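For reference, the structure discussed in these notes is given below.
Here it is, written out as structure tokens:
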């Protein structure tokens, strides 16, 4: 009998006690919208954090995180759980960093001809935006009268070797045109030189505009 009582006593002492509570967390949603800009550097990225820890510059596990390029709009939305009656409003910390920009230079040699006219001029761009008809700030720009050869040189800074294009805007046609026609041709990569020294010009030779009457032509 003594042994049996001892066993019962031990079981009663070590039985766990479970306490139930009615505290529940609430879910809150927070979001930010913005566009990062940098006047001094054209190309770069920023890291945007949603964080409850303003004293930590770069935490390992923020509420949300995204990497966005300069000039691009972003939206960052996340849900936050809080046990408090009044939630802690997360703040966003922007940490910017730049990739080294490498100088590149390129140049072309071209002569424009038009069977229908000799006095009208054309406009030639060096551009990295083939999808835009006439951008405001091409890499290089020049006006030329038909029948005269000329050179055009452009330089820029990018993270890696860019794709560049020659754009020719003209009105060489039998009939009067209310808008310009455009001819576009990509500059080969071996004529886009890293650094500031231009070793050779990309020679397009004589371009007869009357044979290219389409408003957009990829060659």
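Residue numbers (this note's numbering): 2 to 220.
Every residue gets a Cβ at the ideal spot worked out from N, C-alpha and C, and that includes glycine.
Predicted, not measured: the structure shown is a model, and the values here were computed from it.
Asked	Found
In angstroms, rounded to a whole number, what distance separates the CA positions of residue 220 and residue 192?	Bear in mind that the predicted position of residue 220 carries a pLDDT of just 39, short of 50, making it too unreliable to give a figure here.
Since I believe residue 67 is in contact with residue 81 (beta carbons under 8 Å), could you give me their beta-carbon distance rounded to a whole number of angstroms?	Wrong, their Cβ atoms sit about 16 Å apart, outside the cutoff.
Considering only residues of the same chain and omitting the five flanking positions on each side of residue 28, which have a CB-CB separation below 6 Å?	80, 82
Please report how far the alpha carbon of residue 138 lies from the alpha carbon of residue 174, in whole angstroms.	27 Å
Could you tell me the alpha carbon to alpha carbon distance between residue 156 and residue 197, rounded to whole angstroms?	8 Å
Excluding sequence positions up to five away, which residues of its chain have a Cβ less than 7 Å from the Cβ of residue 187?	164, 166
According to DSSP, is residue 155 helix, strand or coil?	strand
Who are the near neighbours of residue 102 in its chain, counting only those whose CB is closer than 7 Å to its CB and skipping five residues on each side?	44, 158, 159, 160
Give a yes or no on contact between the region 203-210 and the region 125-140, applying the rule of three or more CB pairs nearer than 8 Å.	no
Taking the straight line between their C-alpha atoms, what separation do you get for residue 168 and residue 125?	6 Å
Looking at C-alpha atoms only, which residue of 107, 180, 72, 113 is the closest neighbour of residue 127?	107
In angstroms, rounded to a whole number, what distance separates the CA positions of residue 74 and residue 61?	24 Å
Below 8 Å on the Cβ atoms is my contact criterion, and I expect residue 122 with residue 145 to pass it. Report the Cβ-Cβ distance as a whole number of Å.	6 Å
Can you give me the start and stop residues for the beta strand (DSSP E) that residue 104 sits inside?	103-114
For a test of the three-state rule: what should DSSP assign to residue 54, helix, strand or coil?	coil
Which term fits residue 113, buried or exposed, when burial requires 16 or more other beta carbons within 10 angstroms of its beta carbon?	buried
Between which two residues does the beta strand (DSSP E) containing residue 194 stretch?	193-195
Rounded to whole angstroms, what's the CA-CA distance from residue 230 to residue 151? Just pull it up for me.	Nothing in the structure corresponds to residue 230, since the chain is present only between 2 and 220.
Leaving out five residues on either side along the sequence, give the residues of the same chain with a beta carbon under 6 Å from the beta carbon of residue 34.	76
Within 10 angstroms of its Cβ, does residue 63 collect 16 or more other Cβ (buried), or is it exposed?	buried
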